[in-house]
Amino acid sequence: PLTKTKFIARLARAAKDAGLDPLQGHAIRIGTTLEYLLRNIPFEVVKTMGRWASDAFQIYLRDHAQILAPYLQATPAIQDEFLRHTMPRIR
Numbered sequence: 006p007l008t009k010t011k012f013i014a015r016l017a018r019a020a021k022d023a024g025l026d027p028l029q030g031h032a033i034r035i036g037t038t039l040e041y042l043l044r045n046i047p048f049e050v051v052k053t054m055g056r057w058a059s060d061a062f063q064i065y066l067r068d069h070a071q072i073l074a075p076y077l078q079a080t081p082a083i084q085d086e087f088l089r090h091t092m093p094r095i096r
């Protein structure tokens, strides 16, 4: 079976063969989270699919806001949800 360790090793070998820096497992997880969000998958579904036990993935969303910005601006409903998940509530 293709385990996580074997997958990461194969991916690293392919990256090296292509002259690229290898990705780590965590980078793949974050990239996948961003990809799902860009495909209009709801935040709660992405959280479940990524097996995020907490809302920690929201930190990565803030870090990748530039990547998401054009998409969010073109999709106001998603932008509202993004802001709801990433901006602290005002009390």
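Every number in our numbering is 5 more than the matching position in the sequence shown, counting from 1.
Note that beta-carbon positions come from the ideal geometry of N, C-alpha and C, so glycine has one too.
All of these numbers come straight from a predicted model, not from anything done at the bench.
Rounded C-alpha distance that separates residue i from residue j
i: Phe62; j: Glu86; result: 14 angstroms
i: Gln71; j: Leu7; result: 34 angstroms
i: Leu16; j: Ile35; result: 16 angstroms
i: Met54; j: Gly24; result: 31 angstroms
i: Arg89; j: Pro47; result: 12 angstroms
i: Lys11; j: Arg18; result: 10 angstroms
i: Asp22; j: Asn45; result: 33 angstroms
Start and end residues, alpha helix (DSSP H) containing residue i
i: Asp22; result: 9-22
Beta-carbon proximity check, residue i vs residue j, cutoff 7 angstroms
i: Val50; j: Thr38; result: no
i: Leu43; j: Tyr76; result: yes
Own chain partners of residue i with C-beta closer than 7 angstroms, once the 5 adjacent residues on each side are dropped
i: Thr69; result: Before going further, note that residue 69 is His rather than Thr in the sequence given. Result list for His69: Leu39, in chain order.
Spatial neighbours of residue i in its chain, beta-carbon cut-off 8 angstroms, leaving aside the 5 residues before and after
i: Ala58; result: none
Segments assigned alpha helix (DSSP H), at least 4 residues, entirely inside the segment 32-59 | 48-54
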